[in-house]
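**Q**
Residue numbers (this note's numbering): 2 to 279.
1. What whole-angstrom Cβ distance do residue 36 and residue 50 have, given they're in contact under 8 Å?
2. Leaving out the 5 sequence neighbours to the left and right, which residues in its chain are closer than 7 Å to residue 176 when beta-carbon positions are compared?
3. Rounded to whole angstroms, what is the Cα-Cα separation between residue 38 and residue 78?
4. In this structure, does DSSP put residue 19 in helix, strand or coil?
5. Considering only residues of the same chain and omitting the five flanking positions on each side of residue 30, which have a CB-CB separation below 7 Å?
6. Which partner residues does residue 151 have in the DSSP bridge list?
7. Name the residue from 238, 55, 45 whose alpha carbon lies nearest to the alpha carbon of residue 6.
8. Could you tell me if residue 99 is buried or exposed, where buried requires 16 or more neighbouring beta carbons within 10 angstroms of its beta carbon?
9. Indicate whether residue 225 and residue 234 have their beta-carbon atoms separated by less than 8 Å.
10. Over what stretch of residues does the beta strand (DSSP E) that includes residue 103 continue unbroken?
11. Considering only C-alpha positions, which residue in the set 171, 133, 105, 118 is nearest to residue 111?
12. Over the uninterrupted alpha helix (DSSP H) stretch that includes residue 129, give me the two end residues.
13. Is the beta carbon of residue 245 less than 8 Å from the beta carbon of residue 28?
14. Can you tell which of 65, 105, 118, 26 has the C-alpha that lies nearest to the C-alpha of residue 209?
15. Residue 145 to residue 164, Cα distance in whole Å?
16. Where residue 116 and residue 154 are concerned, what is the direct C-alpha to C-alpha distance, given to the nearest angstrom?
17. Which stretch, first to last residue, makes up the alpha helix (DSSP H) that contains residue 113?
18. Less than 8 Å between C-beta atoms, sequence neighbours within five positions excluded: which residues of the same chain meet that for residue 158?
19. Report the option in 255, 33, 15 whose CA atom is closest to the CA atom of residue 46.
20. Please state if the CB of residue 67 and the CB of residue 10 are separated by a distance shorter than 8 Å.
21. At the level of alpha carbons, what is the spacing between residue 93 and residue 121?
22. Which class does residue 145 belong to by DSSP, given the choice of helix, strand or coil?
23. Could you give the uninterrupted runs of the alpha helix (DSSP H) lying entirely in the stretch 36 to 90, keeping only those of 4 residues or more?
24. Determine the closest residue to residue 119 out of 204, 172, 81, with distance taken between C-alpha atoms.
25. So is residue 17 buried or exposed if we call it buried at 16+ other beta carbons inside 10 Å?
26. In the DSSP assignment, find the unbroken alpha helix (DSSP H) run with residue 220 in it and report its ends.
27. For residue 238 and residue 52, what's the separation of their Cα atoms in angstroms?
28. DSSP beta-bridge partners for residue 163?
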């Protein structure tokens with residue numbers, strides 16, 4: 002934004018996120034929606050709502066790679082948040098009776114304590130009980146299970162990690178196959194964000210809209226990850242839309258979405274009573 006006067010890249014970014022979170026269907030709707038909340042735009046760092054032609058020009062001419070960089074930085078932040086829930090998190094899930102199936106990292110360090118028999122001609126290469134070296138604590142045994150399968154279609158093997166000791170190895174593999182469908186991610190984007198149609202047909206504007214939609218999806222998943230409330234993605238999108246320009250603590254709202262803002266807690270006590278007389 003060197004020497005930029007007026008509408009900044011930050012303003013463009015806020016406008017495009019408003020398109021996603023506010024479900025705006027056109028440039029006119031984005032600009033009108035922001036103009037209606039103009040007194041609150043200073044909080045996200047925007048001095049004035051953009052004109053339709055200004056936003057259209059910015060989308061068509063400002064490099065979309067800026068938002069690719071923002072996406073990559075935010076993705077790293079989300080990955081770090083998830084990384085903090087590694088083997089310590091798997092143990093907590095196990096202690097709470099929650100079962101999981103995930104991919105095993107290539108560099109995972111562990112020892113095998115049991116080799117389970119595998120059925121012949123089943124595609125199952127391994128079924129082993131393991132423990133991780135950095136979780137080998139005296140008087141505490143945390144065992145997991147790895148299952149390696151051969152994928153004939155892709156001509157390669159896959160190794161899964163689970164804490165379920167009862168299911169057949171083929172069932173564990175089927176569970177992972179069912180949950181690992183990239184199309185579900187794109188389905189969620191199409192259902193919850195503005196990506197089925199484009200605001201502009203200029204290639205740079207299309208790429209900008211796609212990148213800001215992906216950023217919006219990461220923001221939603223990050224909020225979902227940080228919350229103690231059992232949000233589904235669709236419910237989070239729907240209710241967040243009504244909170245975009247409400248002054249409140251976002252973390253408090255995420256955990257207790259049906260409680261009003263603190264400053265409104267005593268409004269009912271101060272409300273005047275309307276009385277009728279005959």
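Virtual Cβ for every residue (Gly too), placed ideally from N, Cα, C. For clarity, every value in this text was computed on a predicted model and none was experimentally measured.
**A** In terms of the structure at hand:
1. Within the chain shown, numbered from 1, the residue matching residue 36 stands at position 35. Within the chain shown, numbered from 1, the residue matching residue 50 stands at position 49. About 4 Å separates the CB atoms of residue 36 and residue 50; that is less than 8 Å, so the two are in contact.
2. Position 175 of the chain shown holds residue 176. Excluding residues within five positions, the ones whose Cβ falls inside 7 Å are 102.
3. Here residue 38 refers to the residue found at position 37 when the chain shown is read from its first residue. Here residue 78 refers to the residue found at position 77 when the chain shown is read from its first residue. Taking the CA atoms as reference points, residue 38 sits about 30 Å from residue 78.
4. Taking the chain shown and counting its residues from 1, one reaches residue 19 at position 18. In the structure shown, residue 19 sits in a helix (DSSP, three-state: H, G or I).
5. Here residue 30 corresponds to residue number 29 of the chain shown, with the count starting at 1. There are no such residues.
6. The residue given as residue 151 occupies position 150 in the chain shown. Partner(s): 158.
7. In the chain shown, the residue the question calls residue 6 occupies position 5. Measuring from the Cα of residue 6, the nearest candidate turns out to be 55.
8. Here residue 99 is taken as the residue at index 98 of the chain shown, counted from 1. It counts as exposed.
9. For the purposes of this step, residue 225 is taken as the residue at position 224 of the chain shown. For the purposes of this step, residue 234 is taken as the residue at position 233 of the chain shown. A contact, by the Cβ cut-off of 8 Å.
10. For the purposes of this step, residue 103 is taken as the residue at position 102 of the chain shown. First-last of the beta strand (DSSP E) with residue 103: 102 to 104.
11. Reading the chain shown from its first residue, position 110 is the one you call residue 111. Minimum Cα distance to residue 111 is reached at 133.
12. In the chain shown, counting from the first residue as 1, residue 129 sits at position 128. Element bounds for residue 129: not the alpha helix (DSSP H) but the beta strand (DSSP E), 125 to 133.
13. Here residue 245 corresponds to residue number 244 of the chain shown, with the count starting at 1. Here residue 28 corresponds to residue number 27 of the chain shown, with the count starting at 1. It is not a contact, given that the beta carbons lie outside the stated cut-off.
14. Numbered from 1 along the chain shown, position 208 holds the residue referred to as residue 209. For residue 209, the closest of 65, 105, 118, 26 by C-alpha to C-alpha distance is 65.
15. Counting from one through the chain shown, the residue named residue 145 turns up at place 144. Counting from one through the chain shown, the residue named residue 164 turns up at place 163. Between residue 145 and residue 164, the C-alpha separation is close to 5 Å.
16. On the chain shown, residue 116 is found 115 positions in, with the first residue counted as 1. On the chain shown, residue 154 is found 153 positions in, with the first residue counted as 1. For the pair residue 116 and residue 154, the Cα-to-Cα distance works out to about 26 Å.
17. Stepping through the chain shown from its first residue, residue 113 is reached at position 112. Run containing residue 113: none in the alpha helix (DSSP H); it sits in the beta strand (DSSP E), 111 to 116.
18. Counting from 1 along the chain shown, the entry for residue 158 is found at position 157. Hits under 8 Å: 126, 149, 150, 151, 152.
19. Against the chain shown, residue 46 aligns to sequence position 45. Taking residue 46 as reference, the option from 255, 33, 15 with the minimal CA-CA separation is 15.
20. What you label residue 10 is simply residue 9 of the chain shown in a count that begins at 1. What you label residue 67 is simply residue 66 of the chain shown in a count that begins at 1. It is a contact, given that the beta carbons lie within the stated cut-off.
21. For the purposes of this step, residue 93 is identified with residue 92 of the chain shown, where counting begins at 1. For the purposes of this step, residue 121 is identified with residue 120 of the chain shown, where counting begins at 1. So the two alpha carbons sit approximately 35 Å from each other.
22. Taking the first residue of the chain shown as position 1, residue 145 is located at position 144. The DSSP-derived three-state label of residue 145 is strand.
23. Counting only unbroken stretches of 4 or more residues, the alpha helix (DSSP H) elements lying wholly within the stretch 36 to 90 are 53 to 62, 66 to 84, in sequence order.
24. Here residue 119 is taken as the residue at index 118 of the chain shown, counted from 1. Comparing Cα-Cα distances from residue 119 to each of 204, 172, 81, the minimum goes to 172.
25. For the purposes of this step, residue 17 is identified with residue 16 of the chain shown, where counting begins at 1. Around the beta carbon of residue 17, 16 or more other beta carbons sit within 10 angstroms, so the residue counts as buried.
26. Taking the chain shown and counting its residues from 1, the one referred to as residue 220 is at position 219. Start and end: 204 to 227.
27. By one-based count along the chain shown, residue 238 stands at place 237. By one-based count along the chain shown, residue 52 stands at place 51. Their backbone Cα atoms lie some 26 Å apart in a straight line.
28. Looking up residue 163 in the chain shown gives position 162. Residue 163 pairs with 102, 146.
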